[in-house]
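Student: Chains as they are written, first to last, in my numbering: chain A, 31 to 228; chain B, 31 to 228.
Protein chains: 2
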Amino acid sequence: MQSRRHGSELETTILDAAWAEIQEKGYARLTVEGVAARAHTGKQVLYRRWANRQQLAVATIRHKFGPLVPAVPDTGSLREDYLTVMRLMAERARHYTPDLLHGLLADTPTLAGEFFSNLPDVLHQILRNAVAHGELAHADLPERVASLPLDLIRYEGLRRTADQWPQLAVQAEELFAEILNDIFLPLVMALAGPGATR
Amino acid sequence: MQSRRHGSELETTILDAAWAEIQEKGYARLTVEGVAARAHTGKQVLYRRWANRQQLAVATIRHKFGPLVPAVPDTGSLREDYLTVMRLMAERARHYTPDLLHGLLADTPTLAGEFFSNLPDVLHQILRNAVAHGELAHADLPERVASLPLDLIRYEGLRRTADQWPQLAVQAEELFAEILNDIFLPLVMALAGPGATR
DNA sequence: ACCGCCAAGAGACGCAACGTCTCTTGGCGG
DNA sequence: CCGCCAAGAGACGTTGCGTCTCTTGGCGGT
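Shown next, in the form of structure tokens:
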């Protein structure tokens with residue numbers, strides 16, 4: 031009577047359904063049975079693919095947001111280069127909620143590594159470009175300094191509660207400006223600006 | 031036959047039991063029934079006081095760690111003053127786990143405000159003291175800059191997974207030194223050091 | 001074109017924990 | 001001394017997990 035879905039077609043349907051459930055009910059009330067029902071399939075089909083609720087959630091996130099691998103921007107300005115990367119990070123964060131963020135972090139150490147990836151290759155290249163066009167004297171910044179803007183963005187996401195969350199998207203540009211103007215650029219100039227001692 | 035506990039004596043017993051359960055099994059596997067059993071009482075006694083599992087957890091945390099209200103240190107050195115506050119924060123964080131941290135943050139917006147309190151009064155006083163003894167030219171630093179060391183400490187706690195957690199306690203002093211030497215002090219000196227333009 | 005077999009789809013099952021309820025009885029407050 | 005509130009104990013209905021069993025569609029091999 032009915033046609034049955036198979037393979038990757040079925041898998042996509044399920045993960046889309048899971049994502050829809052997360053958006054509608056939040057991570058805490060994501061249920062395997064709810065996803066199965068929404069995808070018009072049985073629980074066993076899900077459990078055949080993922081061991082439990084958490085793994086399903088991880089797969090859903092990976093499906094929705096692949097790994098973040100930006101091309102290295104090269105605008106000719108250190109500030110603009112960082113800003114580009116920060117905007118990219120914020121863009122994908124738009125669809126998260128605090129509930130989802132903390133829930134996943136609590137449940138699955140697996141994803142933590144990906145969330146907190148600081149793109150060291152990209153950042154180092156940006157810094158070397160800044161040296162090349164004379165904005166910096168050298169690119170030997172401590173790891174923690176180079177990734178400071180990214181860490182502060184993420185921290186801002188972690189610190190907000192659900193009611194403050196919508197604000198974040200609105201104030202994103204101000205936040206970027208504050209982080210760069212008040213913190214990152216003064217610091218980098220002090221440590222590696224044209225006149226800095228190595 | 032048995033003597034019954036009452037009032038605050040009973041309440042303390044319960045919250046101690048809840049904390050023991052959290053430490054033993056983790057926040058995710060904290061159960062109301064487990065706490066009741068460990069405290070040798072009935073579930074209704076708990077539900078009479080707290081509406082649900084989350085509220086019980088909040089009460090437990092508040093019971094175990096009251097609000098953080100440090101006296102303003104005044105060692106005569108900006109670095110030492112900040113270090114004192116940072117050590118205090120880290121000390122109380124020793125008993126947390128990532129599971130507990132993210133779990134609470136996911137479940138209860140209530141506690142977020144307390145976790146992320148940046149002690150603005152304390153920090154401002156420290157900065158004014160630094161001005162008074164000539165270490166800084168002025169104390170008009172952006173909020174975000176003044177609290178940067180505290181935010182970075184907390185961020186470090188949020189970023190670690192369970193397996194990396196024990197490291198944190200061991201490396202705490204190195205972490206403080208890195209944050210202060212590589213980031214905070216250079217930045218503050220650039221923004222408000224003796225020779226800085228306002 | 002046919003067939004065998006794997007997996008889709010559906011749902012029952014046992015279990016754990018939630019939150020509500022009912023009942024007995026200890027012991028505080030008046 | 002007594003009444004009444006709450007402690008202590010546990011039954012109850014519900015939800016969701018993860019496992020299992022069963023029927024049957026349709027892909028892959030020949």
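The beta-carbon is built from N, C-alpha and C at its ideal position, and this holds for glycine as well.
Tell me, to the nearest whole angstrom, how far the beta carbon of M116/B is from that of F206/B; I am working on the premise that it is less than 8 Å.
Tutor: Counting from one through the second sequence, the residue named residue 116/B turns up at place 86. Counting from one through the second sequence, the residue named residue 206/B turns up at place 176. Between F206/B and M116/B the Cβ distance is about 5 Å, and since that is below 8 Å, they are a contact.
Student: Whose C-beta lies closer than 8 Å to the C-beta of T105/B among residues of the same chain, with five residues either side of it excluded?
Tutor: For the purposes of this step, residue 105/B is identified with residue 75 of the second sequence, where counting begins at 1. Annotation for T105/B: D111, T114 place their beta carbon closer than 8 Å to its own, counting only its chain and skipping 5 residues before and after.
Student: Please tell me whether V175/B has its Cβ less than 8 Å away from any Cβ of chain A.
Tutor: Taking the second sequence and counting its residues from 1, one reaches residue 175/B at position 145. Yes - at least one Cβ of chain A is within 8 Å of the one on V175/B.
Student: Rounded to the nearest angstrom, how far is the Cβ of I213/A from that of L153/B, given a contact under 8 Å?
Tutor: Taking the first sequence and counting its residues from 1, one reaches residue 213/A at position 183. Taking the second sequence and counting its residues from 1, one reaches residue 153/B at position 123. No, I213/A and L153/B are not in contact; Cβ-Cβ is about 15 Å, not under 8 Å.
Student: If you compare alpha carbons, which of G223/B, A176/B, G64/B is closest to N148/B?
Tutor: Within the second sequence, the letter at position 118 stands for residue 148/B. Checked all of G223/B, A176/B, G64/B; the closest Cα to N148/B is A176/B.
Student: Relative to the C-alpha of T71/B, which candidate in R34/B, P224/B, N211/B, E208/B has its C-alpha closest?
Tutor: To locate residue 71/B, count along the second sequence from 1; it is residue 41. Ranking R34/B, P224/B, N211/B, E208/B by Cα distance to T71/B puts R34/B first.
Student: Spatial neighbours of E51/A within its chain, please: CB distance less than 7 Å, with the 5 preceding and 5 following residues excluded, ordered by chain position.
Tutor: Taking the first residue of the first sequence as position 1, residue 51/A is located at position 21. Cβ neighbours of E51/A beyond the five flanking positions: L60, G64, V65, R68.
Student: In chain order, what residues of the region 73-101 of chain B put their CB closer than 7 Å to some CB of chain A?
Tutor: none
Student: Are T127/A and A192/A touching if we call contact CB-CB under 8 Å?
Tutor: As a working mapping, residue 127/A is identified with position 97 in the first sequence. As a working mapping, residue 192/A is identified with position 162 in the first sequence. Yes, Cβ-Cβ distance for T127/A and A192/A is below 8 Å.
Student: With 16 as the cutoff for other CB atoms within 10 Å, does S165/A come out buried or exposed?
Tutor: Here residue 165/A refers to the residue found at position 135 of the first sequence. It is Glu, not Ser, that sits at residue 165/A in the sequence shown. Answer is buried; the Cβ neighbour count reaches 16.
Student: With DSSP run on the structure shown, which of helix, strand or coil describes R190/B?
Tutor: Residue mapping note: residue 190/B aligns to position 160 of the second sequence, counting from 1. The three-state secondary structure of R190/B, taken from DSSP, is coil.
Student: Give me the chain A residues within the contact set of L178/B, using Cβ-Cβ distance strictly less than 8 Å, ordered along the chain.
Tutor: In the second sequence, counting from the first residue as 1, residue 178/B sits at position 148. The contacting residues are I213.
Student: What are the residues of the region 101-131 of chain A that lie near chain B, defined by any Cβ-Cβ distance shorter than 9 Å?
Tutor: P128, D129, L130, L131
Student: Could you tell me if D137/A is buried or exposed, where buried requires 16 or more neighbouring beta carbons within 10 angstroms of its beta carbon?
Tutor: Your numbering for residue 137/A matches position 107 in the first sequence. D137/A comes out buried.
Student: Whole angstroms are fine: how far does the CA of L180/A sit from the CA of R122/B?
Tutor: For the purposes of this step, residue 122/B is taken as residue 92 along the second sequence, with counting starting at 1. For the purposes of this step, residue 180/A is taken as residue 150 along the first sequence, with counting starting at 1. Approximately 27 Å between the Cα atoms of the pair.
Student: Which residue wins for smallest C-alpha separation from E203/B, given the options L45/B, I183/B, G143/B?
Tutor: Taking the first residue of the second sequence as position 1, residue 203/B is located at position 173. Nearest option by C-alpha distance: I183/B.
Student: Tell me, please, whether the region 40-49 of chain B touches the region 76-94 of chain B by the rule of three or more beta-carbon pairs shorter than 8 Å.
Tutor: yes
Student: Kindly list the residues whose CB is nearer than 7 Å to the CB of E54/B, restricted to its own chain and excluding five residues on each side of it in sequence; keep chain order.
Tutor: Within the second sequence, numbered from 1, the residue matching residue 54/B stands at position 24. Here the set comprises nothing.
Student: Is the CB of F19/B under 8 Å away from at least one CB in chain A?
Tutor: Since the displayed chain B opens at 31 and closes at 228, residue 19/B lies outside it and no answer follows.
Student: By how many angstroms is the C-alpha of L135/B removed from the C-alpha of Y57/A?
Tutor: Residue 57/A sits at position 27 when you count from the first residue of the first sequence. Residue 135/B sits at position 105 when you count from the first residue of the second sequence. Each residue's Cα considered, the two are about 13 Å apart.
Student: How many whole angstroms separate the CB atoms of R230/B and A167/B, which I take to be in contact at a CB cut-off of 8 Å?
Tutor: Here chain B covers residues 31 to 228 and nothing more, so residue 230/B does not appear.
Student: I'd like the list of long-range same chain contacts for A199/A, defined as Cβ closer than 7 Å, with 5 residues on each side in sequence excluded.
Tutor: Against the first sequence, residue 199/A aligns to sequence position 169. Cβ within range, chain order: R124.
Student: Can you list, in chain order, the residues of the region 48-64 of chain B whose Cβ is nearer than 9 Å to any Cβ on chain A?
Tutor: Within the region 48-64 of chain B, the residues whose Cβ lies closer than 9 Å to some Cβ of chain A are Y57, A58, listed in chain order.
Student: List the residues of chain A that D181/B touches, going by C-beta distances under 7 Å, in chain order.
Tutor: Here residue 181/B is taken as the residue at index 151 of the second sequence, counted from 1. Ordered by position in chain A, the residues that pass the 7 Å Cβ test against D181/B are Y185.
Student: Along chain B, in chain order, which residues have C-beta atoms closer than 7 Å to that of L221/A?
Tutor: For this step, residue 221/A is matched to residue 191 along the first sequence. Within chain B, the residues near L221/A are P216.
Student: What did DSSP end up calling T114/A once you bin it into helix, strand or coil?
Tutor: Translated into positions along the first sequence, residue 114/A becomes position 84. In the structure shown, T114/A sits in a helix (DSSP, three-state: H, G or I).
Student: Please classify D129/A: is it buried, with 16 or more other beta-carbons within 10 angstroms of its beta-carbon, or exposed?
Tutor: Here residue 129/A is taken as the residue at index 99 of the first sequence, counted from 1. Classified as buried, D129/A has 16 or more neighbouring CB atoms from the shown chains inside 10 Å of its CB.
Student: If I measure Cβ to Cβ from V62/A and keep anything under 7 Å in the same chain, skipping five residues before and after, which residues do I get?
Tutor: As a position in the first sequence, residue 62/A is number 32, starting the count at 1. Contacts found: K73, L76, R83, L86.
Student: Taking the alpha-carbon positions, what's the L188/B to P139/A distance?
Tutor: Indexing the second sequence from 1 puts residue 188/B at position 158. Indexing the first sequence from 1 puts residue 139/A at position 109. Taking the straight line from one Cα to the other gives about 12 Å.
Student: In the structure shown, what three-state DSSP assignment does T61/A receive?
Tutor: As a working mapping, residue 61/A is identified with position 31 in the first sequence. Coil.
Student: So which residues on chain A does L166/B lean against when the C-beta distance must stay under 8 Å?
Tutor: As a first step, residue 166/B is located in the second sequence; it is residue number 136 there, counting from the start. For L166/B, no chain A residue has a Cβ inside 8 Å of its Cβ, as the nearest lies near 15 Å away.
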